[in-house]
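J.: Under UniProt numbering, think of the first position of the sequence shown as 1, with each following residue one higher.
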Amino acid sequence: MQNVTEWIEVRGAREHNLRAVDVAVPKRALTAVTGVSGSGKSSLVFDTIAVEARRQLNETLPAFVRGFLPALSRPAVDAVEHLPAVITVDQRRLRGGARSTVGTITDIAPLLRLLFSRAGQPSVPHVDAFSFNMPAGMCPGCEGIGEATVVDLDVFLDRSRSLQDGALRCEVFAVGSRNWQILAGSGRLDPRRPVAEYTETELHDLLYADDGMVAMEFQGQGYNASYEGAVTKFRRLYLDQDPEMRSGRTRKLVAAYTTTACCPDCGGTRLSPLALSSRINGSTIADLSAMPASDLVKVLETMADPAIAPLLNALWARLEDLVGIGLGYLSLDRRTASLSGGEAQRVKLVRQLASSLNDLLYVFDEPSIGMHPRDVSRMTDLLRALRDKGNSVLVVEHDRDVIVAADHVIDLGPGAGTAGGEIGYTGDVAGLRGSATLTGRFLDEPVRLKASVRAATGKLPVVDARAHNLTGFDIDVPTGVLTVLTGVAGSGKSSLAHNVLRVQHPMVIAVDQAPPGANRRSTVATYTGVQDPIRKAFARANGVDPALFSANSAGACPECAGLGVIEQDLAYLDTVTTTCAACHGRRFTEEVLRYRLRGRSIGDVLETTVAEAAEFFAADRRVSPVLGTLATVGLDYLRLGQPLTTLSGGESQRLKLAGHLSEPGGVYVLDEPTTGLHMSDVRRLLAALDRLIDEHGATIVVIEHNLDLVAHADWLIDLGPEAGSDGGRVLYEGPPAGLLHARGSHTGEYLRRAVEAAGVEAGGVEAAGVEEAGVAETAIDSASAVKAAR
Numbered sequence: 001m002q003n004v005t006e007w008i009e010v011r012g013a014r015e016h017n018l019r020a021v022d023v024a025v026p027k028r029a030l031t032a033v034t035g036v037s038g039s040g041k042s043s044l045v046f047d048t049i050a051v052e053a054r055r056q057l058n059e060t061l062p063a064f065v066r067g068f069l070p071a072l073s074r075p076a077v078d079a080v081e082h083l084p085a086v087i088t089v090d091q092r093r094l095r096g097g098a099r100s101t102v103g104t105i106t107d108i109a110p111l112l113r114l115l116f117s118r119a120g121q122p123s124v125p126h127v128d129a130f131s132f133n134m135p136a137g138m139c140p141g142c143e144g145i146g147e148a149t150v151v152d153l154d155v156f157l158d159r160s161r162s163l164q165d166g167a168l169r170c171e172v173f174a175v176g177s178r179n180w181q182i183l184a185g186s187g188r189l190d191p192r193r194p195v196a197e198y199t200e201t202e203l204h205d206l207l208y209a210d211d212g213m214v215a216m217e218f219q220g221q222g223y224n225a226s227y228e229g230a231v232t233k234f235r236r237l238y239l240d241q242d243p244e245m246r247s248g249r250t251r252k253l254v255a256a257y258t259t260t261a262c263c264p265d266c267g268g269t270r271l272s273p274l275a276l277s278s279r280i281n282g283s284t285i286a287d288l289s290a291m292p293a294s295d296l297v298k299v300l301e302t303m304a305d306p307a308i309a310p311l312l313n314a315l316w317a318r319l320e321d322l323v324g325i326g327l328g329y330l331s332l333d334r335r336t337a338s339l340s341g342g343e344a345q346r347v348k349l350v351r352q353l354a355s356s357l358n359d360l361l362y363v364f365d366e367p368s369i370g371m372h373p374r375d376v377s378r379m380t381d382l383l384r385a386l387r388d389k390g391n392s393v394l395v396v397e398h399d400r401d402v403i404v405a406a407d408h409v410i411d412l413g414p415g416a417g418t419a420g421g422e423i424g425y426t427g428d429v430a431g432l433r434g435s436a437t438l439t440g441r442f443l444d445e446p447v448r449l450k451a452s453v454r455a456a457t458g459k460l461p462v463v464d465a466r467a468h469n470l471t472g473f474d475i476d477v478p479t480g481v482l483t484v485l486t487g488v489a490g491s492g493k494s495s496l497a498h499n500v501l502r503v504q505h506p507m508v509i510a511v512d513q514a515p516p517g518a519n520r521r522s523t524v525a526t527y528t529g530v531q532d533p534i535r536k537a538f539a540r541a542n543g544v545d546p547a548l549f550s551a552n553s554a555g556a557c558p559e560c561a562g563l564g565v566i567e568q569d570l571a572y573l574d575t576v577t578t579t580c581a582a583c584h585g586r587r588f589t590e591e592v593l594r595y596r597l598r599g600r601s602i603g604d605v606l607e608t609t610v611a612e613a614a615e616f617f618a619a620d621r622r623v624s625p626v627l628g629t630l631a632t633v634g635l636d637y638l639r640l641g642q643p644l645t646t647l648s649g650g651e652s653q654r655l656k657l658a659g660h661l662s663e664p665g666g667v668y669v670l671d672e673p674t675t676g677l678h679m680s681d682v683r684r685l686l687a688a689l690d691r692l693i694d695e696h697g698a699t700i701v702v703i704e705h706n707l708d709l710v711a712h713a714d715w716l717i718d719l720g721p722e723a724g725s726d727g728g729r730v731l732y733e734g735p736p737a738g739l740l741h742a743r744g745s746h747t748g749e750y751l752r753r754a755v756e757a758a759g760v761e762a763g764g765v766e767a768a769g770v771e772e773a774g775v776a777e778t779a780i781d782s783a784s785a786v787k788a789a790r
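In structure tokens, the structure reads:
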């Protein structure tokens with residue numbers, strides 16, 4: 001074995017469900033941490049190793065500096081030794097406000113600005129002149145935002161009313177308020193006459209004037225107040241301040257009474273006329289920033305000026321990293337706030353590749369999420385590149401290809417929640433294959449096409465699909481079956497499902513990955529509706545008021561108001577969250593926690609997993625069926641009292657899906673429901689989808705890359721062939737077997753590889769599958785020629 005300092009050693013890790021875990025992580029290697037959902041992977045990697053690395057690094061700083069940093073509690077672990085400095089690259093969405101773009105977050109935009117300052121014509125030699133974040137380069141009209149926010153007068157003002165009757169709808173100008181008194185008492189306006197009868201001058205005074213004084217009185221004392229029209233004052237008070245500094249109340253006011261449109265001065269480019277006057281080969285910096293990264297690479301390849309060759313090479317290399325990780329469809333001017341969690345994580349990875357630091361610990365959370373199988377190998381190449389620079393790379397992952405690419409594997413389990421938290425295997429991939437763990441057994445599990453596909457009960461016609469990059473095709477989505485939309489990331493799948501299908505057929509229900517409950521008091525128990533019968537069961541057993549067993553009501557701990565934690569807002573720094581010292585995170589008063597239901601307190605019950613609670617409430621007809629549906633979609637490891645804000649996107653989606661399992665047939669669109677699922681859990685998800693279709697007559701449309709789910713479909717619609725402007729066309733529609741030899745389809749290529757790896761002759765499967773479905777389909781070269789011979 002290598003010298004001990006070549007390993008990160010964890011001893012006695014007990015965070016969450018970990019059972020005093022001892023494990024060693026090799027340095028300067030790519031390590032995959034695997035296991036079923038809820039087995040303890042994140043507890044080990046993020047909540048133990050990463051937190052302790054940050055905490056120890058902070059401890060090396062002077063006390064004065066530490067006073068400005070968030071306090072990090074020591075994780076429940078005996079020791080973590082030989083830790084490098086850590087960089088956590090997780091799935092949290094990128095922030096940074098309206099000024100943050102893909103170009104700025106990846107540091108590609110500064111290189112592009114430098115290129116234009118060196119080679120643009122006419123010459124504008126100052127780099128700042130091409131930055132929308134600098135006064136020299138920003139559009140003076142929108143100050144570099146690209147959008148103009150204006151007061152929506154149709155909402156702000158009721159012209160049929162007088163000032164006395166509340167013509168100004170905004171509460172800032174409520175009748176009788178100081179702002180209202182300045183307007184009504186100015187002598188310029190008749191407060192009893194409807195605004196519709198005002199002259200042009202009076203209307204201007206009401207809304208836009210900014211001159212003069214008005215005599216006012218307060219507590220018997222007279223004073224003069226400056227006169228401002230209602231729109232002028234609203235803009236000064238609320239719109240002129242930095243959007244990032246607005247309070248929650250201000251954000252609501254702005255959202256209620258304003259509308260946002262493309263800036264008319266710069267056309268949304270954010271840049272000044274000077275910056276837009278300079279061109280390279282006929283293109284402005286805004287033109288190049290609006291191109292998909294894959295197209296921009298091609299444009300740069302046409303530039304052949306030796307004077308800027310090093311700069312072009314640096315730009316090309318950074319863009320190739322973006323394309324290589326499957327994000328070539330993104331443009332540099334794309335706002336970072338609009339990126340999905342998976343896209344955000346991969347953008348962060350591209351940024352890290354430019355760093356020359358080494359001997360760091362990089363921690364990733366399922367970086368393959370949202371990636372087509374074609375792009376996963378590119379992503380693993382980038383992870384290896386980080387490793388080869390002398391860094392340690394630790395990846396929480398379910399994807400087979402990422403696991404196989406690892407140097408070392410740590411598998412947790414054997415189950416989820418209290419049935420997990422143990423090390424099942426550590427070693428290389430070859431050893432994992434021979435292990436008895438679920439991951440080992442499923443690692444080489446073959447992908448098999450469904451033996452027989454369902455016949456459609458009808459169709460949902462989609463006409464002239466043109467959203468985003470879609471090319472205006474017509475297509476039918478079959479009903480009563482499982483349809484999967486496939487294609488590389490950015491090929492148009494989400495545009496077809498959400499921007500066309502749902503618009504043309506409003507009855508379609510989207511079951512997306514957004515958190516099902518936006519506030520921190522929402523839990524699994526409250527969202528699913530089992531909290532109420534559980535409270536009543538405790539109340540009956542103890543002869544007390546049910547409100548005592550609500551953390552949002554009479555039984556709440558007074559110190560933390562029933563949250564279980566105390567949050568300290570440190571403005572620009574991360575909010576510090578500490579466990580409530582009064583209730584120790586249990587959310588209830590000591591009095592309430594003394595009441596018992598079959599030996600357990602309300603706190604004990606809310607800490608149990610869905611699986612454990614299903615046994616405890618097996619006889620309760622109001623609780624048991626609900627918990628059963630959660631188990632069906634693979635969420636039996638969640639705790640009843642777990643806040644919804646802690647769920648991943650995949651968990652959120654499956655929680656919503658569970659709510660539909662008992663409903664009669666509907667039409668559902670699911671966006672990558674296998675996100676965060678172990679290979680063994682995907683089968684449970686497939687069974688849940690089958691149940692919705694077979695027992696309830698549902699129609700399910702799934703956007704997905706997972707080949708197990710693709711092979712399980714009844715009908716496929718494959719888009720592509722590439723992303724962005726090179727995508728948006730239908731390459732194939734029909735049963736999965738027909739996709740195996742579809743020309744130009746990346747999905748078809750990888751599905752064929754997976755099926756052939758299972759020892760099945762692809763041609764025979766295709767012929768059997770197509771014949772069985774009664775459909776003859778081949779690759780479709782032209783979107784206008786898409787037809788289904790049903």
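All C-beta atoms in this analysis are idealised placements derived from N, C-alpha and C, irrespective of residue type, glycine included.
Throw me the rounded Cβ distance for the residue 202 and residue 188 pair, which I believe falls under 8 Å.
T.: Numbered from 1 along the sequence shown, position 202 holds the residue referred to as residue 202. Numbered from 1 along the sequence shown, position 188 holds the residue referred to as residue 188. Right, the Cβ-Cβ distance comes to about 7 Å (below 8 Å), so this counts as a contact.
J.: Could you check where the beta strand (DSSP E) with residue 9 kicks off and where it finishes?
T.: As a first step, residue 9 is located in the sequence shown; it is residue number 9 there, counting from the start. Here the beta strand (DSSP E) through residue 9 covers 7-13.
J.: Hey, would you say residue 268 sits closer than 9 Å to residue 469, going by beta carbons?
T.: Residue 268 sits at position 268 when you count from the first residue of the sequence shown. Residue 469 sits at position 469 when you count from the first residue of the sequence shown. For residue 268 and residue 469, no; Cβs fall outside 9 Å.
J.: Residue 601 to residue 476, Cα distance in whole Å?
T.: If you number the sequence shown from 1, residue 601 lands on position 601. If you number the sequence shown from 1, residue 476 lands on position 476. Spanning the two alpha carbons is a distance of roughly 54 Å.
J.: At what residues does the beta strand (DSSP E) containing residue 34 begin and finish?
T.: Looking up residue 34 in the sequence shown gives position 34. First-last of the beta strand (DSSP E) with residue 34: 30-34.
J.: Identify, in the order they occur along the chain, each residue of the same chain with its Cβ nearer than 8 Å to the Cβ of residue 149, setting aside the five sequence neighbours on each side.
T.: For the purposes of this step, residue 149 is identified with residue 149 of the sequence shown, where counting begins at 1. If we look at residue 149 and ignore the five residues flanking it on each side, its Cβ neighbours are 239, 254, 258, 259 and 260.
J.: Specify the secondary structure class of residue 799 as computed by DSSP and reduced to three states.
T.: Outside the shown range of the chain (1 to 790) lies residue 799, about which nothing can therefore be said.
J.: Under a Cβ-count criterion, where at least 16 other Cβ atoms within 10 Å of its own Cβ denotes burial, should residue 769 be classed as buried or exposed?
T.: Within the sequence shown, numbered from 1, the residue matching residue 769 stands at position 769. Unreliable placement is indicated for residue 769, whose pLDDT of 39 sits below 50; no coordinate value is reported for it.
J.: If distances are taken between C-alpha atoms only, which option among 369, 103 and 359 comes closest to residue 488?
T.: For the purposes of this step, residue 488 is taken as residue 488 along the sequence shown, with counting starting at 1. The candidate whose alpha carbon is nearest that of residue 488 is 369.
J.: Give every residue of the same chain whose Cβ lies closer than 8 Å to the Cβ of residue 241, excluding the five residues on either side of it in the sequence, and list them in chain order.
T.: The residue labelled residue 241 in the question sits at position 241 within the sequence shown. The beta carbon of residue 241 is closer than 8 Å to those of 250 in its chain, skipping five residues each way along the sequence.
J.: Can you tell me which residues form a DSSP beta bridge with residue 226?
T.: Taking the sequence shown and counting its residues from 1, the one referred to as residue 226 is at position 226. 213, per the DSSP bridge assignment.
J.: Kindly examine the ligand PLP and report whether one of its heavy atoms sits closer than 8 Å to the Cβ of residue 208.
T.: The model on display carries no ligand, and the ligand PLP is accordingly not part of it.
J.: Within its chain, find whatever has a CB closer than 6 Å to the CB of residue 232; leave out the 5 residues flanking it on each side and keep chain order.
T.: Along the sequence shown, read from residue 1 onward, the residue named residue 232 stands at position 232. Non-local beta-carbon contacts of residue 232 in its own chain, meaning distances under 6 Å to residues more than five positions away in sequence, involve 208 and 210 in chain order.
J.: Between residue 684 and residue 372, what straight-line distance do the alpha-carbon atoms span, to the nearest angstrom?
T.: Here residue 684 corresponds to residue number 684 of the sequence shown, with the count starting at 1. Here residue 372 corresponds to residue number 372 of the sequence shown, with the count starting at 1. Rounded to the nearest angstrom, the two C-alpha atoms are 22 Å apart.
J.: What are the complete beta strand (DSSP E) segments, minimum 3 residues, inside the segment 133-205?
T.: The segment 133-205 contains these whole beta strand (DSSP E) runs: 147-151.
J.: Let me make sure I understand the geometry here. Which of 729, 720, 719 and 688 has the alpha-carbon closest to that of residue 709?
T.: As a working mapping, residue 709 is identified with position 709 in the sequence shown. Scanning 729, 720, 719 and 688 for the CA closest to the CA of residue 709 turns up 688.
J.: Take the Cβ of residue 572 as the centre, count every other Cβ of all protein chains shown within 10 Å, and call the residue buried at 16 or more, exposed below.
T.: Numbered from 1 along the sequence shown, position 572 holds the residue referred to as residue 572. Caution applies to residue 572, whose pLDDT of 44 falls short of 50 and renders its modelled position unreliable; the model cannot decide the point.
J.: For residue 223, count neighbouring Cβ atoms within 10 angstroms of its own Cβ and tell me buried if that reaches 16, exposed if not.
T.: For the purposes of this step, residue 223 is identified with residue 223 of the sequence shown, where counting begins at 1. When all chains shown are included, residue 223 counts as exposed.
J.: Looking at the strands, I want to know which residues DSSP matches up with residue 719.
T.: Residue 719 sits at position 719 when you count from the first residue of the sequence shown. DSSP output for residue 719 lists 730 as bridge partner(s).
J.: Could you tell me which residues DSSP puts in a beta bridge with residue 233?
T.: What you label residue 233 is simply residue 233 of the sequence shown in a count that begins at 1. Partner(s): none; residue 233 has no beta bridge.
J.: Tell me whether residue 17 is buried or exposed, calling it buried when 16 or more other Cβ atoms sit within 10 Å of its Cβ.
T.: On the sequence shown, residue 17 is found 17 positions in, with the first residue counted as 1. Answer is buried; the Cβ neighbour count reaches 16.
J.: DSSP three-state call for residue 357: helix, strand or coil?
T.: Position 357 of the sequence shown holds residue 357. If DSSP states are grouped into helix, strand and coil, residue 357 belongs with coil.
J.: Do the CB positions of residue 410 and residue 682 come within less than 9 Å of each other?
T.: The residue you call residue 410 lines up with position 410 of the sequence shown. The residue you call residue 682 lines up with position 682 of the sequence shown. Against a cut-off of 9 Å, the Cβ pair of residue 682 and residue 410 comes out as no contact.
J.: What number of angstroms, rounded off, separates the C-alpha of residue 712 from the C-alpha of residue 282?
T.: To locate residue 712, count along the sequence shown from 1; it is residue 712. To locate residue 282, count along the sequence shown from 1; it is residue 282. Straight across, the Cα-Cα distance linking residue 712 with residue 282 is about 49 Å.
J.: Helix, strand or coil for residue 622 per DSSP?
T.: As a first step, residue 622 is located in the sequence shown; it is residue number 622 there, counting from the start. Residue 622: coil per DSSP, three-state reduction.
J.: In the DSSP assignment, find the unbroken alpha helix (DSSP H) run with residue 750 in it and report its ends.
T.: Here residue 750 corresponds to residue number 750 of the sequence shown, with the count starting at 1. Residue 750 -> alpha helix (DSSP H) spans 746-757.
J.: Quick check on this structure: which residue in 553, 521, 520 and 519 has the alpha carbon closest to the alpha carbon of residue 535?
T.: As a working note, residue 535 is residue 535 in the sequence shown. When each option's Cα is compared against that of residue 535, the closest is 553.
J.: Could you tell me whether the segment 722-742 touches the segment 697-708, using the rule of 3 or more Cβ pairs below 8 Å?
T.: At 8 Å Cβ cutoff, the stretches do not touch.
J.: Label residue 179 either buried or exposed according to how many other C-beta atoms from any shown protein chain fall within 10 Å of its C-beta, with 16 as the threshold for buried.
T.: As a working note, residue 179 is residue 179 in the sequence shown. Flag for residue 179 reads buried.
J.: With a threshold of 8 Å, are at least 3 pairs of Cβ atoms found where one atom belongs to the segment 454-462 and the other to the segment 334-348?
T.: These segments do not touch.
J.: Inspect the beta-carbon positions of residue 182 and residue 228 and report whether they are closer than 9 Å.
T.: Here residue 182 refers to the residue found at position 182 when the sequence shown is read from its first residue. Here residue 228 refers to the residue found at position 228 when the sequence shown is read from its first residue. Yes, the pair counts as a contact, with Cβ atoms nearer than the cut-off.
J.: Report the rounded CA-to-CA distance for residue 132 versus residue 733, giving the unit in angstroms.
T.: By 1-based counting over the sequence shown, the position of residue 132 is 132. By 1-based counting over the sequence shown, the position of residue 733 is 733. Answer to the nearest angstrom: the Cα atoms are 44 Å apart.
J.: From the DSSP output, read off the bridge partner residues of residue 411.
T.: Taking the sequence shown and counting its residues from 1, the one referred to as residue 411 is at position 411. BP columns for residue 411 point to 34 and 425.
J.: With DSSP as the reference, please indicate the residues paired to residue 335 in a beta bridge.
T.: Translated into positions along the sequence shown, residue 335 becomes position 335. Residue 335 pairs with 101.
J.: Cα-Cα, which of 104, 318, 612 and 25 is closest to residue 82?
T.: Against the sequence shown, residue 82 aligns to sequence position 82. Nearest option by C-alpha distance: 25.
J.: On the DSSP bridge list, what partners appear for residue 365?
T.: In the sequence shown, the residue the question calls residue 365 occupies position 365. In DSSP, residue 365 forms a bridge with 396.
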